[in-house]
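One structure is given here, and the rest of the page talks about it.
Chains as they are written, first to last, in this note's numbering: chain A, 2 to 350; chain B, 2 to 350.
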C-alpha cells in the first residue's frame, strides 16, 4: 500500500483538476488505451486528430477495440485547425469522443487544445487529451479548460524513468465510464479510482517510481509551475532561434511544441548518419524522424530536467555535426542566438 | 531501445524455454490479462482453478472479456486434485484453455502443474500458468513440462521493484494468438514478439527496472538455478519446521509453496493486531490473510533475496509477537527447529 496523501495534491495541482489522478504501472500508451476502453462501447464513433505517430496511435487503439474512427488528418508538422474539428463534429453527430495530442511528439507540433475544448464542452462529446509531452511542460489546466481526460507518462516532464502512466477524468467522463461497455481489467479506471480512495492502487504499484514521483513533484512545485512553464517556453524559443540562425527550417514553425523542436535538415542530407555520429561519437543523443520523416529531421527535446546549458550543448553538437558532414555552418552562430533568449532566464543580480 | 541480447538468454534459461520471453511495463496482472486476451475469442470456454485470490483473478479477467468460465473450486489452502481438473476437461470439451497458479500466493499452496500439464498437452487445451511466485522459486521448465503460457512479475524471485511483467508462449500458444479475436493493444503479444526480434519493446520500456533485471539475472545464474531452487526449498522447510515446533498449524500442509508459508494463528487470536505490532513496533513485515482469511493467518515470504537469517528473524519476531499477545510460547523453540534445517545449507568447511 502506497501512502498517496503526499502525491495526490501535487498531481491534482499539476493536472489542474479537483479530480483524482490515477497512477498506473504502465507506459503512457497504457493510459491511452484505458482512455478508450473506459469511455466507449463497441461500435461507438469517435473523432481522432491524426497529425503524427501518436495521433495514429489513437486510431489504432480505437479500431483495435471496435470503435468507429473518423480521422481529421493533419499534415505532419502542422497543428489541427479548430474549424476542421468543428466540421468533423458536425458531420459525425454521433461521435462520443474527440482524441487528440496536446503536443504531437513525432512532429513537435502543438495542437490548440483550448480551442478544441471550446468545441467539445458545448457538446455531448468528451475531449481526451494525450498530454504525454505536455503535462508539466505548458499550462493545461484540465478543469478550467474543460478537458475530459488528460493522460501523461513518467518519463517526460516528470523526469522519472518510464513505467508510470497517469490519467485524470472529469465528472462527465466518470459518468461515461459507468455506461462504457468495452472490456478492460488491468486498465479499469473504476478499480483504480477505488484504489485512490483507499490510498492504494488496484494492482501492485511500481513502487520505486512512485517514490521518485514524490521527489519529482516536489522539484516542480518548489520551482513553481508558472516558472516551470516559462522555462520550457524559453528553452524552446532558444532552440528555435538557434535553428533559424543556422538557416535551418523548423518542421512546425506555426505552432511549435515547447517540449521538443523538430529541425529539418538540408535537402539531401543523411539525417540517420548525423544522428548516429552525434550519439555514438559525440555522446549527444537527439531523436531522429519516424516513418516518412526518417532521416529528414532531428528532434531536440527540452523538457523535464533540461536546462539552459543542455540547449547550448545540443545546439553546439548540432553545429559541429552538420559541419562534420560538410554543411556550411558558422560555428557558434546558433549557440549565440540561443544565448540571447536564454539570457532572459538569468537571475537579476 | 533496450539492448536485450544480455537479457534474453537469461530469461529463457529462467523460464526453461527456447521461446522469446516478453518483457512488459506493467505489474503481473497485466501479463495475466494478456494471457487471456491473446489466446481467446469472445464466447470461448475456459477452465479456471480457483483456490484463492489469484485463482479468482483469472476468473474475473476471463469474465471481464466475455470468456465463459468453468471453475474448479478448491478449498483455500489445498492444492487442486488433477482428477478434478481431468473431470472438468471431460465435462467441458470445448474449453480452450486451463488457467492456474503454480503457487497460489494468498494461501501459500502449490498446485501440481506437472500433473496438469500431463492432462493438457494430450488435448487441444492450452495450459496457462501464473508463475508470479513460482518462476525462480522452483523448477518449472515450461518447454519440458509442456506449459503453454508462463507469466511472472519483477518483484518476487527476480528481486526487483514491481513494474515489469513477463510472459513466454509455446509454439501452440503462438498459433492460438493468430486465431484469438479478443481485443488487445497495450498487451498485444504479437507486437511485443516483434519488439524482441528487433531487440526492443512495443512501447516505452521501464528502463530502470530492465537494468535491474540484468543484475538480478546475473545473481540468479551465478548462484546457479539448481541451488536457487534448493535454497528456496530449504528456507520453506525451515519455516514450516519452526511453525510445527511452536505448535502452529499450516494452512497448506499437504502441498506447501516454497515461496511463502501461511501459518494459522491460534483460535480467537487477533491476527491483525499481531500483524500491526510486528510491522509497526518490531519493524518486521509479514503478510496477513486476505478476505475470509483476514486476521486468521500470518504469511511469511521466503523468496528472492531472503536468506537463512531472514527466516531466523521472522521466526523470532513471530515468537516474540505471539508471546506479547499472551500465547504460550517457549522462546527460541521455533528458531531452533528452523536452524536444524538451515544448517543443511552451511558450507562444508
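Glycine is no exception: its CB is placed at the ideal position from the N, C-alpha and C atoms.
Residue range of the alpha helix (DSSP H) that includes residue i
i                      : result
residue 265 of chain A : It is not in any alpha helix (DSSP H) - residue 265 of chain A instead sits in the beta strand (DSSP E) that spans 261–265.
residue 190 of chain A : 190–198
residue 310 of chain A : 309–325
residue 217 of chain B : 208–224
residue 276 of chain A : 272–277
residue 148 of chain B : Run containing residue 148 of chain B: none; DSSP gives neither H nor E here.
residue 343 of chain A : 334–343
residue 58 of chain B  : 54–65
residue 173 of chain A : 172–180
Continuous beta strand (DSSP E) stretch holding residue i: start and end
i                      : result
residue 128 of chain B : 127–131
residue 48 of chain A  : 46–51
residue 69 of chain A  : 69–74
residue 80 of chain A  : Note, residue 80 of chain A: premise wrong, no beta strand (DSSP E); not H, not E.
residue 302 of chain A : 298–302
Distance between residue j and residue i (C-alpha atoms, nearest Å)
i                      : j                      : result
residue 317 of chain B : residue 289 of chain B : 17 Å
residue 37 of chain B  : residue 159 of chain A : 33 Å
residue 96 of chain B  : residue 8 of chain B   : 35 Å
residue 338 of chain A : residue 239 of chain A : 7 Å
residue 57 of chain A  : residue 195 of chain A : 32 Å
residue 261 of chain A : residue 299 of chain A : 10 Å
residue 73 of chain A  : residue 143 of chain B : 47 Å
residue 224 of chain A : residue 231 of chain A : 11 Å
residue 75 of chain B  : residue 24 of chain B  : 31 Å
residue 276 of chain B : residue 321 of chain B : 12 Å
residue 137 of chain B : residue 145 of chain B : 16 Å
residue 328 of chain A : residue 244 of chain A : 14 Å
residue 128 of chain B : residue 279 of chain B : 39 Å
residue 49 of chain A  : residue 170 of chain A : 18 Å
residue 307 of chain A : residue 153 of chain A : 18 Å
residue 131 of chain B : residue 103 of chain B : 6 Å
residue 176 of chain A : residue 326 of chain B : 48 Å
residue 40 of chain B  : residue 30 of chain B  : 16 Å
residue 141 of chain A : residue 101 of chain A : 14 Å
residue 206 of chain B : residue 165 of chain B : 9 Å
residue 301 of chain A : residue 292 of chain A : 17 Å
residue 47 of chain A  : residue 98 of chain A  : 5 Å
residue 69 of chain A  : residue 181 of chain A : 15 Å
residue 89 of chain A  : residue 126 of chain A : 12 Å
residue 107 of chain B : residue 252 of chain B : 10 Å
Residue i, DSSP secondary structure in three states
i                      : result
residue 154 of chain B : strand
residue 287 of chain A : coil
residue 16 of chain B  : helix
residue 37 of chain B  : helix
residue 86 of chain A  : helix
residue 136 of chain B : strand
residue 329 of chain B : coil
residue 96 of chain A  : strand
residue 243 of chain A : helix
Beta bridge counterpart(s) of residue i as assigned by DSSP
i                      : result
residue 111 of chain B : B:104
residue 167 of chain B : B:24, B:153
residue 124 of chain A : Its beta-bridge partners do not exist; DSSP assigns none.
residue 238 of chain A : BP columns for residue 238 of chain A are empty, so no partner.
residue 10 of chain A  : According to DSSP, which records beta bridges pairwise, residue 10 of chain A is partnered with nothing at all.
residue 349 of chain A : DSSP lists no partner for residue 349 of chain A.
residue 118 of chain B : According to DSSP, residue 118 of chain B bridges with nothing at all.
residue 185 of chain A : Partner(s): none; residue 185 of chain A has no beta bridge.
residue 251 of chain B : B:264
residue 142 of chain A : Note: residue 142 of chain A sits in no beta bridge, so no partner.
residue 43 of chain B  : Answer is none; residue 43 of chain B lacks a bridge partner.
Exposure label - residue i; buried when at least 16 CB within 10 Å
i                      : result
residue 286 of chain B : exposed
residue 134 of chain B : buried
residue 163 of chain B : buried
residue 332 of chain B : exposed
residue 330 of chain B : buried
residue 186 of chain B : buried
residue 21 of chain B  : buried
residue 235 of chain A : buried
residue 44 of chain A  : exposed
residue 157 of chain A : buried
residue 220 of chain A : exposed
residue 248 of chain A : exposed
residue 123 of chain B : exposed
Residue i Cβ short of 6 Å to the ligand NAP heavy atom set
i                     : result
residue 99 of chain A : Ligands are entirely absent from the displayed structure, and the ligand NAP is therefore not among its contents.
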